[in-house]
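Once you know that position 175 of the sequence shown is 188 in the working numbering, the rest is easy, because the numbers rise by one and skip nothing.
These notes concern the structure reproduced below.
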Amino acid sequence: MTAAGPARVLRTLYSTRQDGERAVAALDLRAGVIGSFWTPSAAKQATWVVAHLTPQEGEDLFARLGGMPPSKSSLDRLPKEESARWERDRVTFEAALRATERVPKEAVTVAVSLDGVLVPMKDDQRAAKRARAQAEGKAACGPAGFQEVGCATLSLYDADGERLKTILAWAGCPSATRPRSRPVSPRS
Numbered sequence: 014m015t016a017a018g019p020a021r022v023l024r025t026l027y028s029t030r031q032d033g034e035r036a037v038a039a040l041d042l043r044a045g046v047i048g049s050f051w052t053p054s055a056a057k058q059a060t061w062v063v064a065h066l067t068p069q070e071g072e073d074l075f076a077r078l079g080g081m082p083p084s085k086s087s088l089d090r091l092p093k094e095e096s097a098r099w100e101r102d103r104v105t106f107e108a109a110l111r112a113t114e115r116v117p118k119e120a121v122t123v124a125v126s127l128d129g130v131l132v133p134m135k136d137d138q139r140a141a142k143r144a145r146a147q148a149e150g151k152a153a154c155g156p157a158g159f160q161e162v163g164c165a166t167l168s169l170y171d172a173d174g175e176r177l178k179t180i181l182a183w184a185g186c187p188s189a190t191r192p193r194s195r196p197v198s199p200r201s
């Protein structure tokens, strides 16, 4: 899928002939094709759209605009593919992003903000979690089927208290490599 619409290109696949290893299309690597489907410019546009609209609304928008006509399922898969790619090399990508950040010379104050919300998860097995809690003799209440999503930002201010810049320091769901966000008390 290109930004101008679909394109059919004959590609040659290369394989190591090892079990479990995927074949590689050299053209895809050279052109930067994402998910064996999107050119970089098409992926950039589609990612922006699904960041602001649902995949169905994105499909409708692209149909109205003309040009590339991605399906809602393609639009739904793209951020998942990109997220998996980001996570594989997250430490390297974050280091590269942080290396580009510069503190303005006028900055005299920094504010650190932590926030989090509970978000319902798809395929959350809410009923099974509540049944398990009841079987263990626990009260079946609270946010079963939800997961915390948090973010941290650094805001830089000048001497007059005007915000100069805000930097996203972290965002996402907790995992084995990223602990749960929690309120920070003044004593910690």
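From the three backbone atoms N, C-alpha and C, an ideal C-beta is built for every residue, glycine too.
As the structure is a computational prediction, the values presented were derived from the model and not from experiment.
Beta-carbon gap between residue i and residue j smaller than 8 Å
{"i": "Gly-158", "j": "Lys-142", "result": "yes"}
{"i": "Ala-172", "j": "Val-121", "result": "yes"}
{"i": "Gly-163", "j": "Leu-127", "result": "yes"}
{"i": "Ala-16", "j": "Ser-49", "result": "no"}
{"i": "Met-14", "j": "Pro-83", "result": "yes"}
{"i": "Ser-86", "j": "Val-123", "result": "no"}
Burial state of residue i, where buried means 16 or more other Cβ atoms lie within 10 Å
{"i": "Met-134", "result": "exposed"}
{"i": "Trp-183", "result": "exposed"}
{"i": "Leu-88", "result": "buried"}
{"i": "Gln-58", "result": "buried"}
{"i": "Trp-99", "result": "exposed"}
{"i": "Thr-52", "result": "buried"}
{"i": "Val-46", "result": "buried"}
Range of the contiguous alpha helix (DSSP H) that encloses residue i
{"i": "Gln-31", "result": "Looking at the DSSP string, Gln-31 is not in any alpha helix (DSSP H), and its letter there is neither H nor E."}
{"i": "Asp-236", "result": "Not covered by the structure: residue 236. The range shown for the chain is 14 to 201."}
{"i": "Gly-71", "result": "68-78"}
{"i": "Arg-143", "result": "139-148"}
{"i": "Lys-57", "result": "53-65"}
{"i": "Arg-176", "result": "Where Arg-176 is concerned, there is no enclosing alpha helix (DSSP H), although the beta strand (DSSP E) it sits in stretches over 176-185."}
{"i": "Leu-40", "result": "39-44"}
Residue i - containing beta strand (DSSP E), residue span
{"i": "Leu-131", "result": "122-133"}
{"i": "Leu-169", "result": "159-170"}
Rounded distance between the beta-carbons of residue j and residue i, thought under 8 Å
{"i": "Ala-56", "j": "Leu-91", "result": "6 Å"}
{"i": "Glu-94", "j": "Leu-131", "result": "About 26 Å; that fails the 8 Å criterion."}
Contact between the region 72-79 and the region 106-118 (3+ Cβ pairs under 8 Å): Result no; under three Cβ-Cβ pairs closer than 8 Å.
Three or more C-beta pairs below 8 Å linking the region 53-69 and the region 29-42: no
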